[in-house]
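Protein chains in written order, with full-length UniProt numbering: chain A, 1 to 364; chain B, 1 to 364; chain C, 1 to 364; chain D, 1 to 364. Let me begin by presenting the structure, written as structure tokens, before commenting on it.
4 protein chains.
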Amino acid sequence: MSGNTFGKLFTVTSFGESHGAALGCIIDGCPPGLELSEADMQRDLDRRKPGTSRHTTQRREADEVKILSGVFEGKTTGTPIGLLIENTDQRSKDYSKIAEQFRPAHADYTYMHKYGVRDYRGGGRSSARETAMRVAAGAVARKFLEQRLGIRIRGYLSQLGPIKAEKLDWDQVHQNPFFCPDADKVAEMEAYMDALRKEGDSIGARINVVAEGVPPGLGEPIFDRLDADLAHALMSINAVKGVEIGAGFDCIEQKGTEHRDEMTPEGFLSNNAGGVLGGISSGQPIVASIALKPTSSLRLPGRSIDVHGNPVEVITTGRHDPCVGIRATPIAEAMMAIVLMDHYLRHRGQNGDVSVSTPVIGQL
Amino acid sequence: MSGNTFGKLFTVTSFGESHGAALGCIIDGCPPGLELSEADMQRDLDRRKPGTSRHTTQRREADEVKILSGVFEGKTTGTPIGLLIENTDQRSKDYSKIAEQFRPAHADYTYMHKYGVRDYRGGGRSSARETAMRVAAGAVARKFLEQRLGIRIRGYLSQLGPIKAEKLDWDQVHQNPFFCPDADKVAEMEAYMDALRKEGDSIGARINVVAEGVPPGLGEPIFDRLDADLAHALMSINAVKGVEIGAGFDCIEQKGTEHRDEMTPEGFLSNNAGGVLGGISSGQPIVASIALKPTSSLRLPGRSIDVHGNPVEVITTGRHDPCVGIRATPIAEAMMAIVLMDHYLRHRGQNGDVSVSTPVIGQL
Amino acid sequence: MSGNTFGKLFTVTSFGESHGAALGCIIDGCPPGLELSEADMQRDLDRRKPGTSRHTTQRREADEVKILSGVFEGKTTGTPIGLLIENTDQRSKDYSKIAEQFRPAHADYTYMHKYGVRDYRGGGRSSARETAMRVAAGAVARKFLEQRLGIRIRGYLSQLGPIKAEKLDWDQVHQNPFFCPDADKVAEMEAYMDALRKEGDSIGARINVVAEGVPPGLGEPIFDRLDADLAHALMSINAVKGVEIGAGFDCIEQKGTEHRDEMTPEGFLSNNAGGVLGGISSGQPIVASIALKPTSSLRLPGRSIDVHGNPVEVITTGRHDPCVGIRATPIAEAMMAIVLMDHYLRHRGQNGDVSVSTPVIGQL
Amino acid sequence: MSGNTFGKLFTVTSFGESHGAALGCIIDGCPPGLELSEADMQRDLDRRKPGTSRHTTQRREADEVKILSGVFEGKTTGTPIGLLIENTDQRSKDYSKIAEQFRPAHADYTYMHKYGVRDYRGGGRSSARETAMRVAAGAVARKFLEQRLGIRIRGYLSQLGPIKAEKLDWDQVHQNPFFCPDADKVAEMEAYMDALRKEGDSIGARINVVAEGVPPGLGEPIFDRLDADLAHALMSINAVKGVEIGAGFDCIEQKGTEHRDEMTPEGFLSNNAGGVLGGISSGQPIVASIALKPTSSLRLPGRSIDVHGNPVEVITTGRHDPCVGIRATPIAEAMMAIVLMDHYLRHRGQNGDVSVSTPVIGQL
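Following this line, the structure appears as structure tokens:
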């Protein structure tokens, strides 16, 4: 089955390269009757868009999405929703110098081995540019989940290189260019990024995503557990190298008495599980955390080889994000929205609708 | 699509509960002509089997697998391979006391909310018992990968609670009951586990898995990247709460100049990528690491509720693994084998066979 | 995706050869809470079973199905249902003579080319024996559809070679060994079959299947239309060479004014559509008809080649059905049940439950 | 899984309504390295295009396809191919009169029941307009199959209402507006259509499709047999009510000695099987035949109901094909091409490439 399709009932199939004519996707399986316009997607696209601060790439992309089908008189019809974003800034000349060089740690080497074809224009399909369509599709899922089920999905940057956010103040997340929830760390992050940019280097980051109001019961053991599908979705984002649910890697050193989330009639007493037990949502917030690597497209020279196998020193001069994690928060939110939407529909298919009247602990 | 099926071309569909009549699975899509007998699977099943040391549950399960179809005159025929393991030790009376109680942090709470049905017999489908079939199916994939492509998949326990393995000596892995590759840490682990057992508590662990000899080109961007499918596969194992590829969460604090794996005509100079670039294998070893939580089935009392919503104090008296991570190494290996096998077939479908003659750096 | 899996939400994955140890299947996605026992399946299995009259093969197969999982305390749990039928009559010696010969018009030739492997035991996987699992799985779907939605699925043999049933009296269908709904034609069919058996030849047949009470709205255009999935399901039955929905091939010569099923507030005035408009059920009975070819396993000699490419004259001496269509009615019913079940769940996933209160014409 | 996706490895996902902004599709899984331009698709699109003779609808659609991704420097890259056709003739006012009326035998009734939404613009998604994307996608498959495997796929109209083609002269097929292979019947067909148009009625048709040069071995029993997937594909085309493979419904009255295609070292002696044995291609031509119903959109009044359940008399005044079968030949060819392409890739995934050196009878 197509590697460019995500989901089983709410499916997103994507196409497009960074320097081609356009990006697009098809959302299939969206329930009918949802009010939907371009504006619903544009809000999230604008949050991901490059060039909104000096800390991201200065490439300009309008990222204006058009709905081509599946919506009639302002509402979804249940038929596939075609979305399109035309590429407006395609300066592929930036890449001409490296047409024959493999950039170290870059996908051009593996794409070449896989397909025997070299699309040197900014990474072609492997560029993070494709994540725009994830954000657009995620916005549809997010709107449905919010309106019909009261689910709220929010993310934030919890660490930028060595700098950790120590407070989680949701109101701060959109007050700075980093999606940082800790106002006290913003100045430090700005200084760090300014120095990094001067240096010509890049840095990794950590993003957390939380979904509140998720009804218990979502997830399809044993292979399509909710956390397994989240791991799939989040690890499929460019540059992600690690995924945690709840306590994540901290649970290695936890004892069972500490890790187990005890329950009382009033609710769970902790959330080490991150809202998922046995692969099924428990009604607690779903909590995931991801690690994003630093970009390998640097103007600092690196040892590599060319397509003939000869050693070369590579310098990448295009416009790249020194920290791809900075723009990743809306992408991670989008992927979580798509997973939850898909699992809600899958659950409803097999089991009927989630019961809003079931007494769920912690939600009384 | 079925949540109990994994894979797209090499598919494993599984059934069975911990205290039902039998476990089984169907492997579909296995290439014909592979020599296969029960013994090929039994070797791995025996490595996962409980009761082989005092550090795992004393429940006795023969875990004898039978091939019911798909093999004729000692070779696979290309038709589906039916596998069966009959349950021999089904003491479900152990669980009768807790028939009406939700165990804290246990899947019985979420299964009840999902399906409206309560199978209190040892967790039913949510029991780790189902992983036996993953190991059996993985053994088939592993054999093919080894024989046809020279791929070797091996795992080890890299951390047991607070105790980290500091050396990686593959020869040691099967010399102790923990799959620990560092002989110097085994005594410490034994003492730790003895104390833990006395205490009645449980502990988490970390497992690493490595696949060597993987040809470049496997993985299907953008959603079915090799690392994304690995994350899916590994996170679907019971008790796993985190997955890393290569440098994993360490890449948050890495700079690009440090993280990027430079290339020379002789090979890559590092492997922070864990063998995957842009979602496609690079020819380097595939390296994954997972965190397993401590089991929540403890004889130490925990606060919980019963099916009527009343507060209860739960004590679990069954025979449980104090560290589920100890037996998890063969399971993680199996899931990696299944993912690689599936992606090899998917790659061959679209692109033709991997070329053994392509000059791949680092494999000259 | 696996060629041995049918369905998207209600999935049936099958294994087993005619002369192997056992046949089996896994049903995944069955809603929880359905009362289910072996007896529910045995009723339909017994209707398909060989040897119940002199007009079918005299091979004896008990076809006793066992439920291995997914049912607890008499009800489905929502987890996968493992089913097993052990083969009891495996006289593979019958086939030894033809181990090196391709039977004319038989699948052994194409299996050999596909897999490079020859399983000469009664056709191995290509034997109609696998349809037993379809019948077992179909019985689960049928029970759900009947109990929850009031859907009734029934089939009959409408033509045996040159003899056409001219009346449709449902009460007659189970009063004769042919599933013939026209009592007046039974004697003629018996005489025809007796002569055919003596001759050593075989004959084709036509089966019709009807589902009544199907709610409007099932079917997923544009590719997974209800009729397209029915065509897939029915054409996948051994020996089927044609599928019609409603008027079928008769519509070639129909004018639009004749073909179109006019509607009044009291209902449709005809059913040329066979209950499907635009790929979606209309609320009218779903009507399908299939053509089954005569078996090619004959004791009358036929020209063929052997595995070395030499010409041979083949005589098949095993015990074969002179008209495979005679036992096909329960199989066609089962496949229709599986398709409707799958589409009901898919519809419910995207659109919520079918409304029993929606005013549907013709059902007021 | 998405009802708007066809195929498993070579997948086509489609969107678009007859009167929306555009139609489009995403082809995923296409092998890299195939030379491809818009012209390759335009040739087949032009054959399907309306308005090329007085016998089809006079609606004018340029049907100009654009490639948005997946092709670089004139060759496919292995990444998804995005295709777009903008709608240029969207006179939706034609439909305003019937905005509240269900047309008899039309999908607007079932779409309304399924989705609870009414898109009255020319049938919206249910319009045959979507088949343009099938033709475009099929052209890609066809080109690959032809270039790499020498497969040739051709179709023709074998019956128009009561008029049957009696000769099969491939050279004639494109010499008349009907795709009729029998020059002697063209005048009769023209007269018939002229009379029909005057009358205001419509008529059914039969289309045959043949694929030559298909290697033996394609098809995935038991459920995804080649013929079953063909039936799925062909029945998913608008207006198709029946599908036959090889002898089709004629096999009901055939005896086994007549039906079975005998083999000699020089080849098969007949092709009742239509090139498929046991669900796998035999090396003989694949032969399928389909029945297309007459359109129900007529200016002759028909009894129906409106959305409020009241009786109405419906007259459809839009521009419709009096025989939808006339333009269906390229669509049927396209669907066969997609099925064969998908099965070729699936076969190659599991079994390795088809061997061109295998001695196949009849192809020596």
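Quick reminder that beta carbons are idealized off the backbone N, C-alpha and C, glycines included.
Is DSSP giving residue i helix, strand or coil here?
{"i": "C/Asn208", "result": "strand"}
{"i": "B/Phe72", "result": "strand"}
{"i": "C/Tyr120", "result": "coil"}
{"i": "A/Ala22", "result": "strand"}
{"i": "C/Thr57", "result": "coil"}
{"i": "C/Lys8", "result": "coil"}
{"i": "B/Phe268", "result": "strand"}
{"i": "A/Ile153", "result": "strand"}
{"i": "C/Glu188", "result": "helix"}
{"i": "B/Glu262", "result": "coil"}
{"i": "D/Gln175", "result": "helix"}
{"i": "C/Leu83", "result": "strand"}
Taking residue i as the query, report the chain B residues whose CB atoms sit under 9 Å from its CB, ordered along the chain.
{"i": "C/Arg125", "result": "Ser69, Gly70, Thr77, Gly78, Thr79 and Pro80"}
What separation, rounded to the nearest whole angstrom, lies between the Cα atoms of residue i and residue j?
{"i": "A/Cys323", "j": "A/Thr329", "result": "12 Å"}
{"i": "C/Leu364", "j": "D/Ser127", "result": "Here C/Leu364 scores only 32 on pLDDT, less than 50, and its place in the model is too uncertain to base an answer on."}
{"i": "A/Gln147", "j": "A/Trp170", "result": "20 Å"}
{"i": "residue 382 of chain C", "j": "C/Ile280", "result": "Shown here, chain C extends from 1 to 364; a query on residue 382 of chain C therefore has no answer."}
{"i": "A/Lys114", "j": "C/Lys143", "result": "48 Å"}
{"i": "C/Ile237", "j": "C/Met335", "result": "8 Å"}
{"i": "D/Cys25", "j": "D/Asp63", "result": "14 Å"}
{"i": "D/Ile326", "j": "B/Leu36", "result": "54 Å"}
{"i": "D/Gly3", "j": "D/Phe15", "result": "11 Å"}
{"i": "D/Glu266", "j": "C/Leu300", "result": "22 Å"}
{"i": "A/Glu313", "j": "A/Ile222", "result": "47 Å"}
{"i": "A/Gly362", "j": "A/Tyr344", "result": "Below a pLDDT of 50, predicted positions are generally treated as unreliable, and A/Gly362, at 46, falls in that range; no measurement from the model is reported."}
{"i": "A/Thr316", "j": "A/Arg103", "result": "8 Å"}
{"i": "C/Ile203", "j": "C/Ala337", "result": "27 Å"}
{"i": "B/His232", "j": "D/Leu34", "result": "32 Å"}
Applying a beta-carbon distance threshold of less than 7 Å, which residues of chain B neighbour residue i?
{"i": "A/Ala228", "result": "His232, Met235 and Ser236"}
{"i": "A/Ser14", "result": "Ile222"}
{"i": "A/Ser282", "result": "Tyr109 and Thr110"}
Candidates the options: which alpha carbon is nearest residue i's?
{"i": "C/Val140", "options": "C/Leu83, C/Arg103 and C/Phe179", "result": "C/Leu83"}
{"i": "B/Lys167", "options": "B/Arg154, B/Val12, B/Ala183 and B/Thr131", "result": "B/Ala183"}
{"i": "D/Ala273", "options": "D/Gly124, D/Asp250, D/Pro294 and D/Thr264", "result": "D/Asp250"}
{"i": "D/Gly213", "options": "D/Pro32, D/Val354, D/Gly309 and D/Asp306", "result": "D/Val354"}
{"i": "A/Ile81", "options": "D/Ile245, D/Tyr109, D/Arg47 and D/Ala21", "result": "D/Ala21"}
Kindly list, in the order they appear in chain B, the residues whose Cβ is closer than 8 Å to that of residue i.
{"i": "D/Arg346", "result": "Leu9 and Gly349"}
{"i": "D/Gly352", "result": "Pro31, Arg348 and Asp353"}
{"i": "C/Ser18", "result": "Those do not exist, as C/Ser18 stays about 10 Å from chain B at its closest Cβ, beyond 8 Å."}
Could you name the residues of chain C that residue i contacts, counting a contact when the two beta carbons are closer than 7 Å?
{"i": "B/Lys167", "result": "The contacting residues do not exist; B/Lys167 stays about 42 Å from chain C at best."}
{"i": "D/Thr317", "result": "Those do not exist, as D/Thr317 stays about 15 Å from chain C at its closest Cβ, beyond 7 Å."}
{"i": "B/Ile98", "result": "Residues of chain C passing the Cβ test: none, with the nearest at roughly 16 Å."}
What does residue i reach in chain D if we use C-beta pairs closer than 8 Å?
{"i": "C/Thr295", "result": "Gly256"}
Can you pull the chain C neighbours of residue i, defined as C-beta to C-beta under 9 Å?
{"i": "D/Ala291", "result": "Glu244, Ala247, Gly248, Phe249, Asp250, Cys251 and Ile252"}
Check the Cβ of residue i against every Cβ in chain D and list those closer than 7 Å, keeping chain order.
{"i": "A/Tyr192", "result": "None at all; the shortest Cβ gap to chain D is about 36 Å."}
Inspect the CB distances between the region 191-203 of chain A and the region 146-166 of chain A and report whether three or more fall short of 8 Å. By the Cβ test, the region 191-203 of chain A is in contact with the region 146-166 of chain A, since at least three Cβ pairs between them sit closer than 8 Å.
Do three or more CB pairs link the region 301-320 of chain B to the region 255-265 of chain B at distances below 8 Å? The count of Cβ pairs closer than 8 Å, one atom from the region 301-320 of chain B and one from the region 255-265 of chain B, stays below three, leaving the stretches out of contact.
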